[in-house]
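Undergrad: Adding 983 to a residue's 1-based position in the sequence shown gives its number in my numbering. Heads up, the beta-carbon is just placed ideally off N, CA and C, and yes, glycines get one too.
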Amino acid sequence: MTFEKLTGVYRLLKCEKFPGYYSVDEIRELQILVVEMKKELRELKGGA
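#1: From Met-1020 to Asp-1008, what distance separates their C-alpha atoms?
#2: Assuming Val-992 and Leu-1013 make a contact with CB atoms under 8 Å, what is their CB distance in whole Å?
#3: Using the Cα positions of Glu-987 and Arg-1011, report the straight-line distance between them to the nearest angstrom.
#4: Does DSSP put Thr-990 in a helix, in a strand, or in coil?
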């Protein structure tokens, strides 16, 4: 999954238009993924 897609999904979750649409575990998993992707991006920018 691309970073853009991931952040799009995360934003969708954060805007809470669909309460109960995602389970708590799924939301947690996505938040962890977003954090990991941000770390990777930072490393890529630093290494460029």
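TA: Let me lay it out:
#1: Met-1020 and Asp-1008: Cα-Cα distance of roughly 18 Å.
#2: 6 Å
#3: 18 Å
#4: helix
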